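Protein chains in written order, with my numbering: chain A, 54 to 413; chain B, 54 to 413. Glycine residues also receive a C-beta, built at the ideal position from the N, C-alpha and C atoms. Computed from a prediction, not measured in an experiment: that's the story for all the values here. Heads up, the thing below is written out as structure tokens.
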């Protein structure tokens, strides 16, 4: 798993065995949407998330029943577990006692005096704290002062809580300042990046269903990540959280920050197209859903850009009339009929993965 | 249709009645994937594109048969028509004669001497020319000199052709420098933005199927648009081009550049969620597919961020146990059972659109 690009310098924190910040690869996380107290369902969802590459997982802890099962969930999973706490500091204390690697507290709904006890417990157990401000639940006093959840308001809320925690001597912290309004979120994270060396957890909140959430997250996080800002990310999508992982890795891969999984370069198919590019591309994607090695696979329909793109890819097909040339690392290695393309491509892709692993 | 934000200063061009550059709203375009010579299919696809907001459409002209039907297509559609030409300058001449509003030529596959005749014809008819460089079909001499399609190579190819056309006295030009590698595309457009006042047509080429193409386009174009770069955009998606339009408007809406269509703010649903947010959000989206007015609609599952987001939206629901509060412009206007939510929301949304239109 490569990591490229110039990143903002931050302090390093550890969520269990997962390093965050200070040059570590940008970490991909998600959150379950099961009832947390339903241990079996929650564990199953976490395992599905882990299988497709999720690296940290958060669960909502809305009551004592949920808090009580955290250690049982933890025993059964391989990912660091973060407990999401709102309103009740006692749930935070219980979560820490249960051994979770991190807790997320929201300054907007937990009073400062109660946080003191939580910080002391976290420090004793080495629990990471995320100070997670959210535009939708900004502290009332700040909301009133700024007239709404603008970037400056979000940042003030986050920094004042971080300062309080740091003053108590605990520095294993990360910060998020999420908004559903992307320009606000961009501005807020830029301000944070200037003001603190805490690792930053990026997210666009309440982003909506798959396609809209993908657009908003890719724009908002893409802009920040390209500036070197962001140490861990969560793409929020309404619905099954496993949808979030490919989008997250897609954003990171697009910017060259994490080269994980296949990158399928396929033409949009115009009136020149002579093979079924869309069908072939979708089939290849489906067959490679669990494939973790980064390979650039080109599937191109005609002679205009086909040979050029196919040559630049690790492996590629440039289609002609019902046929196509197969390129591997810039060289033609075969001429295929359309019906042969899928199986041959998949075979070559797995062979290339094997070659790479042998080289290591 | 609002237009906001600080944009790079460019010259103004006109694709028929559609202004591009110099403060005009960022124009959304697409390209058909029918056989162009099949007039009926092509016109039907263009009409479907127009209905959902596409503002300029391009068709591939790969042979004389395609070139010959362009005026027949043009008569039947309301959008400016751009002919995509490769290899054969005579097809460009034919397309111009047929009255298309624009042609796209690719310096990588049309020799400079032949372009002279094309430019003269374009100037006589007032046809806009896009100089469309593509990494997959970069001029051989430049490819060799730079060792590949790097940003500098793409820009050199584009600018040398633009200069030749401008030296002949024709300035109704726009430029694209597309690559399937997003960091290259970002760098190339930034260099172009510094070097010319031509309007820029943004695109990530060969971006792949829906979700991957959305990620790559949103990251690449999002970064550039947020810097004020880009006057017209095309999201390339393998498959049906009508998929491209909501993604394009989604990117522009996210950055506040074009406020078109509903923006649905919905929570990712966690263990706290007490109504079926995902189902409701998807149903609302589906019902509002053709809805052009910009409204922020919040659909939230619990009391943590729900009331805050719902209050900030034009209209919103903050769910509780099988029930929810309905907010309109920050005020609670009703308490709904879950089964009432969809119809009531849709009714309110159309009522708000009507109110807005009456105010105009």
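Against residue i, what residues of chain A qualify as contacts under a CB-to-CB distance less than 7 Å, listed in chain order?
| i | result |
| --- | --- |
| residue 115 of chain B | 324 and 325 |
| residue 310 of chain B | The premise fails here: residue 310 of chain B is roughly 10 Å from chain A at the closest Cβ pair, so nothing lies under 7 Å. |
| residue 112 of chain B | 324 |
| residue 335 of chain B | 262 |
| residue 139 of chain B | 357 |
| residue 209 of chain B | Near residue 209 of chain B there are no residues of chain A at all, since even the closest Cβ is about 17 Å away, more than 7 Å. |
| residue 265 of chain B | 303 and 317 |
Since residue i is in the beta strand (DSSP E), which residue starts that stretch and which ends it?
| i | result |
| --- | --- |
| residue 155 of chain A | 155 to 158 |
| residue 137 of chain A | 134 to 138 |
| residue 62 of chain A | Segment: none, residue 62 of chain A is in no beta strand (DSSP E) and carries neither H nor E. |
| residue 83 of chain A | 80 to 84 |
| residue 77 of chain B | Where residue 77 of chain B is concerned, there is no enclosing beta strand (DSSP E), given that its DSSP letter is neither H nor E. |
| residue 369 of chain B | 368 to 372 |
| residue 182 of chain B | 181 to 187 |
My output table needs one value for residue i: the three-state DSSP class, helix, strand or coil.
| i | result |
| --- | --- |
| residue 56 of chain A | Bear in mind that a pLDDT of 41 at residue 56 of chain A, under 50, signals an unreliable position, so the model cannot answer this. |
| residue 118 of chain B | helix |
| residue 94 of chain B | helix |
| residue 357 of chain A | coil |
| residue 237 of chain B | helix |
| residue 256 of chain B | coil |
| residue 290 of chain A | coil |
| residue 394 of chain B | helix |
| residue 202 of chain A | coil |
| residue 72 of chain B | strand |
| residue 269 of chain B | helix |
| residue 345 of chain A | coil |
| residue 285 of chain B | strand |
| residue 352 of chain A | strand |
| residue 378 of chain B | strand |
| residue 409 of chain B | helix |
| residue 105 of chain B | coil |
Cβ closer than 8 Å: which chain A residues qualify as neighbours of residue i?
| i | result |
| --- | --- |
| residue 84 of chain B | 321 and 323 |
| residue 93 of chain B | The contacting residues do not exist; residue 93 of chain B stays about 14 Å from chain A at best. |
For a contact meaning CB atoms closer than 7 Å, what does residue i contact in chain B?
| i | result |
| --- | --- |
| residue 237 of chain A | Near residue 237 of chain A there are no residues of chain B at all, since even the closest Cβ is about 10 Å away, more than 7 Å. |
| residue 291 of chain A | 319, 320, 321, 322, 330, 331 and 334 |
| residue 233 of chain A | 318 and 362 |
| residue 338 of chain A | 262 |
Which chain A residues sit within Cβ distance under 9 Å of residue i?
| i | result |
| --- | --- |
| residue 272 of chain B | 271, 272, 274, 275, 276, 278, 279, 303, 304, 307 and 308 |
| residue 88 of chain B | 324 |
| residue 191 of chain B | 361 |
| residue 162 of chain B | 357 |
| residue 300 of chain B | 264, 267 and 268 |
Round the Cβ separation of residue i and residue j to the nearest angstrom and send it over; I've been treating them as touching at under 8 Å.
| i | j | result |
| --- | --- | --- |
| residue 254 of chain A | residue 282 of chain A | Residue 254 of chain A to residue 282 of chain A, Cβ: 11 Å. No contact. |
| residue 291 of chain B | residue 189 of chain B | Not a contact, Cβ separation roughly 14 Å. |
| residue 364 of chain B | residue 383 of chain B | 5 Å |
| residue 324 of chain A | residue 89 of chain B | 4 Å |
| residue 99 of chain B | residue 132 of chain B | 6 Å |
| residue 144 of chain B | residue 114 of chain B | 5 Å |
| residue 71 of chain B | residue 108 of chain B | 6 Å |
Starting from the beta carbon of residue i, find every residue of chain B whose beta carbon is closer than 9 Å, and list them in chain order.
| i | result |
| --- | --- |
| residue 119 of chain A | 324 |
| residue 188 of chain A | 358, 361, 362 and 365 |
| residue 353 of chain A | 189 and 259 |
Locate the alpha helix (DSSP H) running through residue i, then write down its first and last residues.
| i | result |
| --- | --- |
| residue 176 of chain A | 165 to 178 |
| residue 318 of chain B | Run containing residue 318 of chain B: none in the alpha helix (DSSP H); it sits in the beta strand (DSSP E), 316 to 319. |
| residue 228 of chain B | First-last for residue 228 of chain B: 226 to 231, but that is the beta strand (DSSP E), not the alpha helix (DSSP H). |
| residue 147 of chain A | 142 to 150 |
| residue 419 of chain B | What is shown of chain B runs 54 to 413, which leaves residue 419 of chain B out entirely. |
| residue 332 of chain A | 330 to 340 |
Which chain B residues sit within Cβ distance under 8 Å of residue i?
| i | result |
| --- | --- |
| residue 230 of chain A | Within 8 Å Cβ-Cβ: nothing; residue 230 of chain A doesn't reach chain B, min ~13 Å. |
Any heavy atom of the ligand PLP closer than 6 Å to the Cβ of residue i?
| i | result |
| --- | --- |
| residue 157 of chain B | As far as ligands go, the structure on display features none, and thus does not contain the ligand PLP. |
(message) Can you confirm whether the stretch 335 to 353 of chain A touches the stretch 159 to 168 of chain B when touching is taken to mean that 3 or more C-beta pairs between the two stretches lie within less than 8 Å?
(response) Not touching, per the Cβ criterion.
(message) Tell me whether the stretch 261 to 271 of chain B and the stretch 242 to 252 of chain B touch, counting them as touching only if at least three CB pairs, one residue from each stretch, are closer than 8 Å.
(response) When C-beta atoms of the stretch 261 to 271 of chain B are compared with those of the stretch 242 to 252 of chain B, fewer than three pairs fall below 8 Å, so the two segments do not count as touching.
(message) Across the stretch 222 to 241 of chain B and the stretch 229 to 243 of chain A, are there enough close Cβ pairs to call them in contact, namely three or more that are closer than 8 Å?
(response) No: the two stretches stay apart, fewer than three of their Cβ pairs being nearer than 8 Å.
(message) I want to know whether the stretch 214 to 232 of chain B touches the stretch 395 to 407 of chain A - three or more CB-CB distances under 8 Å.
(response) Result no; under three Cβ-Cβ pairs closer than 8 Å.
(request) Determine, using beta-carbon pairs with one atom in the stretch 112 to 125 of chain B and one in the stretch 354 to 369 of chain B, whether at least three such pairs fall under 8 Å. (result) Verdict: no, contact absent.
(message) Is it the case that the stretch 173 to 181 of chain B contacts the stretch 190 to 203 of chain B, given that we only count it when at least three CB pairs across the two stretches are under 8 Å?
(response) With a cut-off of 8 Å, the stretch 173 to 181 of chain B and the stretch 190 to 203 of chain B do not count as touching, because too few Cβ pairs lie within range.
(message) Within 8 Å, do at least three Cβ pairs link the stretch 306 to 324 of chain B to the stretch 74 to 85 of chain B?
(response) With the cut-off at 8 Å, the stretch 74 to 85 of chain B and the stretch 306 to 324 of chain B touch.
(request) Report yes or no: do three or more beta-carbon pairs, one from the stretch 132 to 140 of chain B and one from the stretch 151 to 166 of chain B, lie closer than 8 Å? (result) Cβ pair count under 8 Å is three or more, so yes.
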